[in-house]
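One structure is given here, and the rest of the page talks about it.
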Amino acid sequence: MATASQTALAVDFPILGQEGLVYLDSAATSQKPRVVLDALEDFLAHHNANVHRGVYPLAIDADTRFSAGRAQIAAFVGAEPAETIITKNATEAINLVRYSWGPGNVGAGDAIVLTEAEHHSNIVPWQQLCSQVGAELRWLEVDDEGMISLDQLDEFLADGRVKMVAVTHCSNVLGTINPVEEIVARARAAGAASLIDGSQAAPHMPVNVNAIGADFYVWTGHKAYGPTGIGLLHGRRELLEAMPPFLTGGDMIKTVSFDETTFNELPFKFEAGTPPIAEVVALGAAVEFITELGIERVRAHEEAITAYALASLKAVPGITIQGPSLAEQRGGLVSFTLDCAHPHDVAEILGRDQVCVRAGHHCTQPLMKKLGVGATTRASFAVHTSTDDIDALVGSLGRVIDIFGDR
Amino acid sequence: MDDALYREEILEHYKRPHNFGPMETPDRESFDTNPLCGDELRVMLKVDDNDVVEEVRFEGHGCAISQASASMISDEIKGMKLDDLARLDRSAVLDLLGIDISATRMKCALLSLKVLKSAAIGTLADWEPDTVDAARPAGGAQL
Ligand SMILES: Cc1ncc(COP(=O)(O)O)c(C=O)c1O
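Heads up: the protein sequence lines correspond to chains G and E, in order. Using the working numbering, read the first sequence as starting at 117 and increasing by one per residue. Using the working numbering, read the second sequence as starting at 1137 and increasing by one per residue.
In structure tokens:
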């Protein structure tokens, strides 16, 4: 199974028509399928108008498509449209929670739990909140297999001071899929809120925000075959209703007088200004594309590719692979280092073979420190990845070793 | 092989860097990182009474370009006055490397010069101007 060759699940990505391009950087941003580009163009060419206020037919059409896009996006992760807030990206979604929910719910002497494998966007906002209110961070350690310990979570929760547990669903470096349902349940039982960063999960594995049960679940459109400029925050209604607005201005109001403002209902209360309208429509098309392929099939494909990649990479001399050894415990990405060459040099030489991988700290500097590396090289997979792509990666790594090998 | 970036001399310096290792009681030192890739580089200098560099040692880790550039420049600056060191511009390392450096790798090439100049002036020097990268905020597009 691990060595069976596997063709791409979907191929209609215009950019992949470029001769020789081997795109293994979907964890940074996904390439866009034809259907998403078509939806974007169709909306802008035939249905474009601002939303919410128009009464003429074109504006009503735009409004209807915008609402339909939100409904598709919400349904993709089992959420209610009213509990689906459109932001700019995952980072802004987390900041919304930090600024709007944070100060009213986290105070001096309280604590926030994170894992060591968080992306900077799920670290820095909480660090800032902690220093603003005088709270502390508690870090769940990752072990050699990239796993966190639920026992340590229980220890952290025991004194009742933890107000928020913010954890990534799938690590963008280790690939580890965290037991988010279990984490959320334990947090809730201890009276803590929870936020799950689904940026690396949403387009790659089944996600149901109700089943996970987190108070907040965030993800980002551009990693989910959609355009840039759109992120998602799904929140529990009671919390969202109790929270003050984040950004203020147009669209998020019910009434404004010279003296005061009343705020709009959910989700609009958190969407100040003109939203990314065409992007919502296009992301709607993107999740439709995934749903048509079948998210279970997508997961099975990417898991098979990951197993193949782990098996092939293991044979590369001088390689260290980060994260869980079993594909079933990881999302579709593999980070590694070579003894002979720095990740930057690896990515540069691979780039000359048009093998596109990312090298660096992947916005996870605390994790790099923990792993004892300055940087890693990361290959990440998508529905268009085939075992041929992995073979190209491994072949190109051979070239790196030819150049640097005798170090 | 068409790997101009990794010409033999650069690989040689990367694999066996000159003037790398610890220095006890340096007169001057400076440390900095390359936000793009997490490279870290420390330079330590011994200078005589006339502020002339007698000895130089680098410590740290990084890619071939940053390590080779540190190694190559370390051979050049012995006997140089701190004032002159502080006035070096990016051509000092780029000429030694002798290859085309892409915009995204420019900071790798320039880190050694930055820490050297910082050590010479006794405070953190700016990145060399006129690089495409110089205008970008630290820690830019790293996902
Ligand atoms: C795990 C994780 N969280 C958050 C982000 C931030 O996403 P964005 O830059 O779209 O806000 C990323 C990607 O960069 C990520 O991999």
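Using N, Cα and C, we set each Cβ at its ideal position, and we do this for glycine too. None of these values were measured; they are calculated from a predicted model.
Once the 5 residues before and after residue i are set aside, which same chain residues still bring their CB inside 7 Å of it?
i	result
PRO130 of chain G	ARG150, LEU153
ALA118 of chain G	Confidence is the limiting factor: at ALA118 of chain G the pLDDT is only 47, short of 50, which leaves the residue's position unreliable and the question unanswerable from this model.
ASP270 of chain G	ARG302
CYS456 of chain G	GLY434, ILE517, PHE520, GLY521, ARG523
VAL323 of chain G	VAL193, GLY314, ALA317
SER1210 of chain E	HIS1154, ASN1155, VAL1192, PHE1194
Which residues in the same chain have their Cβ closer than 6 Å to the Cβ of residue i, if we skip the five residues on either side of it in sequence?
i	result
LEU273 of chain G	ALA306
MET1159 of chain E	MET1180, ARG1193
ILE1257 of chain E	ALA1222
PHE182 of chain G	VAL167, ILE393, VAL396
GLU1191 of chain E	LYS1182
GLY1196 of chain E	GLU1176, LEU1177, ARG1178
ALA195 of chain G	VAL325, HIS350
GLU1141 of chain E	The residue asked about is misnamed: residue 1141 of chain E is Leu in this sequence, not Glu. Excluding sequence neighbours, LEU1141 of chain E sits near ILE1235.
Taking residue i as part of the beta strand (DSSP E), name the residues at either end of that continuous run.
i	result
SER183 of chain G	Unbroken run through SER183 of chain G is the alpha helix (DSSP H), 173 to 192; no beta strand (DSSP E).
ILE369 of chain G	369 to 372
SER451 of chain G	449 to 454
GLU1212 of chain E	Careful: GLU1212 of chain E lies outside any beta strand (DSSP E), inside the alpha helix (DSSP H) at 1200 to 1212.
ILE346 of chain G	Here ILE346 of chain G belongs to no beta strand (DSSP E), and DSSP marks it neither H nor E.
VAL152 of chain G	No beta strand (DSSP E) holds VAL152 of chain G; the alpha helix (DSSP H) holding it covers 150 to 158.
PHE129 of chain G	PHE129 of chain G -> no beta strand (DSSP E), and no H or E assigned at all.
Between residue i and the rest of its own chain, which residues show a CB-CB distance below 8 Å, the 5 nearest in sequence each way excluded?
i	result
ALA224 of chain G	VAL249, GLY250, ALA251
GLY511 of chain G	ASP469
GLN147 of chain G	PHE129, ILE131, LEU132, TYR139, TYR341, ALA498, HIS500
GLN244 of chain G	ARG214
Can you tell me whether residue i is buried or exposed, with buried defined as 16 or more other CB within 10 angstroms of its CB?
i	result
GLN438 of chain G	buried
ALA1312 of chain E	Within the shown structure, residues of chain E are numbered from 1137 to 1279, placing residue 1312 of chain E beyond reach of any answer.
ILE176 of chain G	exposed
ASP518 of chain G	exposed
SER265 of chain G	exposed
LEU134 of chain G	Going by the sequence as given, residue 134 of chain G is Gln instead of Leu. Looking at its Cβ environment, which holds fewer than 16 other Cβ atoms inside 10 Å, GLN134 of chain G is exposed.
LYS430 of chain G	exposed
TYR1150 of chain E	buried
LEU442 of chain G	exposed
ASN1286 of chain E	With chain E represented from 1137 up to 1279, any question about residue 1286 of chain E goes unanswered, as that position is not in the structure.
SER247 of chain G	exposed
SER1227 of chain E	exposed
ASP1168 of chain E	buried
LEU174 of chain G	exposed
GLU257 of chain G	exposed
GLU408 of chain G	exposed
LEU1260 of chain E	exposed
PHE374 of chain G	exposed
SER121 of chain G	exposed
PRO459 of chain G	buried
LEU509 of chain G	buried
On the DSSP letters alone, give me the boundaries of the alpha helix (DSSP H) that residue i sits inside.
i	result
LYS1243 of chain E	1242 to 1257
GLY514 of chain G	503 to 520
LEU1181 of chain E	That residue, LEU1181 of chain E, is in no alpha helix (DSSP H); its beta strand (DSSP E) goes 1175 to 1183.
ASN211 of chain G	206 to 212
ILE1235 of chain E	Counting along the chain, ILE1235 of chain E falls outside any alpha helix (DSSP H), and DSSP gives it neither H nor E.
LEU256 of chain G	Here LEU256 of chain G belongs to no alpha helix (DSSP H); instead the beta strand (DSSP E) covers 252 to 256.
LYS485 of chain G	481 to 487
ASN326 of chain G	325 to 328
ASN221 of chain G	218 to 221
ARG304 of chain G	296 to 305
VAL283 of chain G	Where VAL283 of chain G is concerned, there is no enclosing alpha helix (DSSP H), although the beta strand (DSSP E) it sits in stretches over 278 to 284.
ILE437 of chain G	ILE437 of chain G -> not in any alpha helix (DSSP H); beta strand (DSSP E) instead, spanning 435 to 437.
HIS1149 of chain E	1144 to 1151
SER431 of chain G	The sequence shown places Ala at residue 431 of chain G, rather than the Ser named in the question. No alpha helix (DSSP H) holds ALA431 of chain G; DSSP gives it neither H nor E.
ALA407 of chain G	It should be pointed out that residue 407 of chain G corresponds to Thr in this sequence rather than to Ala. Unbroken alpha helix (DSSP H) run through THR407 of chain G: 393 to 409.
HIS320 of chain G	From DSSP, HIS320 of chain G is part of no alpha helix (DSSP H); its letter is neither H nor E.
TRP242 of chain G	240 to 249
GLY365 of chain G	GLY365 of chain G -> no alpha helix (DSSP H), and no H or E assigned at all.
Taking 8 Å as the cut-off, is the C-beta of residue i nearer than that to any heavy atom in ligand 3?
i	result
ASP313 of chain G	For ligand 3, the structure offers nothing, since it holds only ligand 1.
Against chain C, does residue i count as a neighbour if the rule is that its beta carbon must be under 9 Å from one of theirs?
i	result
ILE1235 of chain E	Here chain C cannot be found, since the structure's protein chains are G and E.
Quick check: the segment 304 to 321 of chain G against the segment 157 to 171 of chain G, are at least 3 beta-carbon pairs closer than 8 Å? Touching, no, given that fewer than three Cβ pairs across the two stretches are closer than 8 Å.
When you compare the segment 474 to 486 of chain G with the segment 1204 to 1223 of chain E, are there three or more beta-carbon pairs, one atom per stretch, that lie closer than 8 Å? Contact between the segment 474 to 486 of chain G and the segment 1204 to 1223 of chain E is absent, because fewer than three Cβ pairs lie under 8 Å.
Should the segment 201 to 216 of chain G be called in touch with the segment 384 to 393 of chain G, which here means at least 3 C-beta pairs below 8 Å? Segments in contact, yes.
Do the segment 210 to 223 of chain G and the segment 350 to 362 of chain G touch if we need at least three Cβ pairs shorter than 8 Å? Under the Cβ criterion (8 Å, minimum of three pairs), the segment 210 to 223 of chain G counts as touching the segment 350 to 362 of chain G.
Counting beta carbon pairs with one atom in the segment 1201 to 1217 of chain E and one in the segment 1235 to 1250 of chain E, are three or more of them shorter than 8 Å? Three or more beta-carbon pairs separated by less than 8 Å link the segment 1235 to 1250 of chain E to the segment 1201 to 1217 of chain E, which places the two stretches in contact.
Does the count of Cβ pairs from the segment 491 to 507 of chain G and the segment 412 to 419 of chain G closer than 8 Å reach three? Inter-segment contact for the segment 491 to 507 of chain G and the segment 412 to 419 of chain G is present: three or more beta-carbon pairs are separated by less than 8 Å.
Touch test, the segment 368 to 386 of chain G against the segment 229 to 237 of chain G, Cβ-Cβ under 8 Å, three pairs minimum: Fewer than three Cβ pairs drawn from the segment 368 to 386 of chain G and the segment 229 to 237 of chain G lie within less than 8 Å of each other, which leaves the two stretches out of contact.
Cβ contact (3+ pairs, closer than 8 Å) linking the segment 446 to 455 of chain G and the segment 284 to 297 of chain G: They touch, by the three-pair rule.
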